[in-house]
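Here the structure comes first, spelled out in structure tokens, and everything after it is commentary.
Protein chains: 2
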Amino acid sequence: MSLDLLIKKIKETNNPTVAGLDPDLQKLPEFIKAAAFKEYGVGLEGAAESLFAFNKGLIDALYDIVPAVKPQCAYYEKYGWQGMRALSKTIAYAKEKGMFVITDGKRNDIGTTMEAYASAHLGAVKIGGSEVEPFAADALTVNGYLGTDGIAPLIKICQAKDKGIFVLVKTSNPSSGELQDKLLDGGTPVYEYMGSLCEKWGESLSGTYGYSGVGAVVGATYPEQLTELREKLPHTFFLVPGYGAQGGGAADVAGGFDQNGIGAVINASRSIMYAYKKEGCDEKDYAAAARREAIRMRDDITAHIS
Amino acid sequence: MSLDLLIKKIKETNNPTVAGLDPDLQKLPEFIKAAAFKEYGVGLEGAAESLFAFNKGLIDALYDIVPAVKPQCAYYEKYGWQGMRALSKTIAYAKEKGMFVITDGKRNDIGTTMEAYASAHLGAVKIGGSEVEPFAADALTVNGYLGTDGIAPLIKICQAKDKGIFVLVKTSNPSSGELQDKLLDGGTPVYEYMGSLCEKWGESLSGTYGYSGVGAVVGATYPEQLTELREKLPHTFFLVPGYGAQGGGAADVAGGFDQNGIGAVINASRSIMYAYKKEGCDEKDYAAAARREAIRMRDDITAHIS
């Protein structure tokens, strides 16, 4: 019912990072695509199986040093239901290897509809007399624009199944301020108000490290807000995108951590997945290159945490 | 690049409504589930095929009198990738029958990730040398919390493929006001500001009826705001949930239409899908009951439009 499991894995690996699994077919090693297209055809199934094979290699290279993966739904939906099957297989494989899985879906809706998303991604569905877990991630990113009606169904499942959520608070993109930085009557910016809702929503999901099961997404590209929110939201764990390809550095994310060196997990996707391109090594070594970059990132970030 | 196709179909059928396809396995007629479970097994596939069989019956009963359907992603994701396959089949079948399809996914992200969602639901993906359309709906609901970075990738695809989007502005749920009704510095509520962004985002997607390709979701349960927004957002077409099961009536939605009787499409899901339960008729007549309710709803709403 909290994010304890994630924090525990971060402590065990001494690595507060998460590897984003956002596979882009055009950037995948040719040998992976060739094999998948040969076996499954040059179509949605072959594309989707390429994504899974790529992810499997990354997970094998990372699972003992990186505590978590964050598959981004969009890159799987892009290849239809076949892509969603690749997402499902990716989650199952990462969990089999002991990794914490955050599905980045930014889902949002209300009532029974939000319950359906919660069951799909974190819970179980009843079919006939038995229960099946469709995607079975450990945590899900969500969008809080619809208010408590959109979050309450998740809280129920987080309680029942020991799962967590991350609510978008201050996103890493350049235009995030269009709405999120707007000042409300009284002077509080929208993102800070959303953060205060996270504290409230998390009250019934407290964890042993002081952080609840309701986390927040706060971008590495806004270090001042990250530091400020760390102080204002003492029970809200942060998922921090924007390190690496989006321009955030280790000094930028340091403010997301508390005096005990916890409180945040830093995501990098492209810089890890496509490290082999940056290195210029053989594409067959893409997984080893990803591991080298994950280690570099871990050391870079831990050096900046007190 | 606009919502002209939807408006044209509304005019042809003289029916400004959309049937929500949010199938809940527990509420489906037993004969449908029995047949699907027998053929596909009592598991995710059997459940998913039940949803599709149910939808097919509804579409057959509605396609000549209702211009559009709105499948809600959550109810398909609930049954894993097999459910997403049922979504894909539902969209294809509705389009084959000439209906306009709005995928209710409330998707949101930024940059290349949002491009992936846009390609998945409205556009095409390149695999090998050819293009495939994974879900191929006509419009998609989206959440604008991330600002222009999350909308721009959709605009490109709406232009290229003649598609539309609906941005969440004022949702129908009780807690929608927690953020959406908050007053910004200067006195504008958040929902109105989001509406003004829709007008801006739609500028490059103008249509022949005066409405752009960027619509807004505004709930039937907030009739005052609906009327107010109709005046303030003259180029923004409204998708109006909340009629029927959520408590909105025809008088409540009347304010969403302009002086020409267009400008909105009213959604009902449960009241149409499960009309057979309310009527108490044989479950085998569920589709005929849905048609009767769709006609009642059409007549109810058109009687309230000038």
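Chains A and B are the protein sequences, given in the same order. When the count follows our numbering, it moves up by one through the first sequence with no breaks and lands on 356 for the last residue. When the count follows our numbering, it moves up by one through the second sequence with no breaks and lands on 356 for the last residue. Glycine included, C-beta positions come from ideal geometry on N, C-alpha and C.
Contact between the region 316 to 333 of chain B and the region 278 to 287 of chain B is absent, with fewer than three C-beta pairs closer than 8 Å.
Membership of residue 198 (chain A) in the alpha helix (DSSP H) is indicated by the continuous run 198 to 211.
Around the beta-carbon of residue 334 (chain A), fewer than 16 other beta-carbon atoms lie within 10 Å, marking it exposed. About 10 Å separates the CB atoms of residue 314 (chain B) and residue 286 (chain B); that is not less than 8 Å, and the two are not in contact.
With 16 or more neighbouring CB atoms inside 10 Å of its own CB, residue 99 (chain A) falls in the buried class.
With the criterion set as a beta carbon lying under 9 Å from some beta carbon of chain A, the members of the region 104 to 124 of chain B are 122, 123, 124, in sequence order. DSSP places residue 265 (chain A) inside the beta strand (DSSP E), whose first and last residues are 264 to 268.
Counting along the chain, residue 62 (chain A) sits inside no beta strand (DSSP E); it lies in the alpha helix (DSSP H) bounded by residues 54 to 63. Sequence-ordered contacts of the region 165 to 179 of chain A with chain B read 166, 167, 169, 170, 175, 177, 178 [C-beta pairs closer than 7 Å]. At least one CB of chain B lies nearer than 8 Å to the CB of residue 244 (chain A).
Residue environment analysis places residue 132 (chain A) among the buried positions, since at least 16 neighbouring C-beta atoms fall within 10 angstroms of its C-beta.
For residue 153 (chain B), no chain A residue has a Cβ inside 8 Å of its Cβ, as the nearest lies near 11 Å away.
Distance between residue 244 (chain A) and residue 229 (chain B), taken at the CA atoms: about 8 Å. Contact between residue 157 (chain A) and residue 192 (chain A) holds, with the beta-carbon distance rounding to 5 Å and staying under 8 Å. Taking C-beta atoms as the reference points, residue 177 (chain A) and residue 93 (chain B) count as a pair closer than 8 Å. Cβ-Cβ distances below 7 Å link residue 351 (chain B) to 66, 67, 300, 303, 316 in the same chain, with the five nearest sequence neighbours on each side left out; the list follows chain order. The shortest CA-to-CA distance from residue 185 (chain B) to any of B:197, B:196, B:172, B:252 is the one to B:172.
Residue 137 (chain A) and residue 205 (chain A) have their C-alpha atoms spaced approximately 23 Å apart. The DSSP-derived three-state label of residue 288 (chain A) is strand. Going by C-alpha positions, residue 85 (chain A) is about 53 Å away from residue 64 (chain B). As computed with DSSP, residue 303 (chain A) is found in no beta bridge at all. Excluding five sequence positions before and after residue 80 (chain B), the CB atoms of its chain that fall closer than 8 Å to its own CB belong to 333, given in chain order.
Counting along the chain, residue 221 (chain A) sits inside no beta strand (DSSP E), nor does DSSP assign it H or E at all. For residue 188 (chain B), no CB of chain A lies under 8 Å from its own CB, so it is not counted at the interface with that chain. Against chain B, the CB of residue 71 (chain A) has no partner CB under 8 Å away; the residue lies outside that interface. Contact residues of the region 78 to 90 of chain A toward chain B are 87 (C-beta to C-beta distance below 8 Å). By the 16-neighbour rule on beta-carbons within 10 angstroms, residue 236 (chain B) is exposed. Taking a beta-carbon distance threshold of 8 Å, residue 213 (chain B) does not count as an interface residue toward chain A. Annotation: the continuous beta strand (DSSP E) that includes residue 121 (chain B) extends over 118 to 121. Contact between residue 344 (chain B) and residue 110 (chain B) fails: their C-beta atoms lie close to 12 Å from each other, not under 8 Å. Residues of chain A with a Cβ closer than 8 Å to the Cβ of residue 254 (chain B) do not exist, since the nearest Cβ in that chain sits about 16 Å away. Residue contact check for residue 127 (chain B) against chain A: a CB pair falls below 8 Å. Residues of chain B whose Cβ lies closer than 7 Å to the Cβ of residue 134 (chain A) are, in chain order, 131, 134. Among the residues facing chain B, residue 203 (chain A) is not included, as its CB has no counterpart in that chain under 8 Å away.
Bounds of the beta strand (DSSP E) holding residue 317 (chain B) are 314 to 318. Taking a C-beta distance under 8 Å as the contact criterion, residue 200 (chain B) and residue 160 (chain B) qualify as a contact pair.
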